[in-house]
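Student: In my numbering, the protein residues as written are 21 to 135.
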Amino acid sequence: MSQLLITPDYYKNLFSRWTTDIAMLPDFPTDSKEKFVALHFVMLAFTDGEEYSEDDIHEGIKDRNLFSIDHVQIRINMLRNGFLTRIEKESGLFYMTSKEFLKHAQWDSSIPGVT
């Protein structure tokens, strides 16, 4: 298992740090552990098992974006880090949440969306 341990306290402290100074949006995290928390927070806008259009994904990301990065970059990060998966169908592209991100860190099971 990875040495990246993500606990509820760690999650809460990061969230508090990111939302304390509302005058300026923080930069998107470059640290892997912080990035996973940021992407997980955004992922919670979506329901497991539901398919979403790209527009729906972008709207959900915009609603939960705490950072000075656009929604497209967050979607790309979510795909690359296993928070979303892309599904190609005859009717177009769709997205669903994914649990692949769980392989990259040790998540405390009391954090919503990790079980």
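Backbone N, C-alpha and C fix where the C-beta goes; we use that ideal spot for every residue, glycine too.
1. Please state if the CB of Pro49 and the CB of Lys55 are separated by a distance shorter than 9 Å.
2. Using DSSP with H/G/I as helix, E/B as strand and the rest coil, what is Met21?
3. Can you tell me which of the three DSSP states Lys109 falls into?
4. Once the 5 residues before and after Leu86 are set aside, which same chain residues still bring their CB inside 6 Å of it?
5. Check the DSSP bridge columns for Tyr115 and list the partner residues they point to.
6. Going by DSSP, what residue range makes up the alpha helix (DSSP H) through Gln54?
7. In the DSSP output, what is Ile26 paired with across the bridge?
8. Sorted by chain position, which residues of the same chain lie with C-beta nearer than 7 Å to Phe66's C-beta, five sequence neighbours on each side aside?
9. Whole-angstrom Cβ separation of Arg84 and Phe103, contact assumed at under 8 Å?
Tutor: Answer, in terms of the structure:
1. Less than 9 Å divides the Cβ of Lys55 from the Cβ of Pro49.
2. Interpretation of Met21 is limited by its pLDDT of 44, a score under 50 that renders its predicted location unreliable; the figure taken from the coordinates is listed afterwards. Here Met21 sits in coil by DSSP.
3. In this structure, Lys109 counts as strand in the three-state DSSP scheme.
4. Apart from sequence neighbours up to five positions away, the residues of its chain that approach Leu86 with a beta-carbon distance below 6 Å are Trp38, ordered along the chain.
5. In DSSP, Tyr115 forms a bridge with Tyr72, Arg106.
6. Rather than Gln, the amino acid found at residue 54 in this sequence is Glu. Annotation for Glu54: the continuous alpha helix (DSSP H) segment containing it runs 52 to 63.
7. Residue pairing from DSSP places Ile26 in a beta bridge opposite Trp127.
8. Closer than 7 Å at Cβ, skipping near neighbours: Tyr72, Gly80, Thr117.
9. No, Arg84 and Phe103 are not in contact; Cβ-Cβ is about 12 Å, not under 8 Å.
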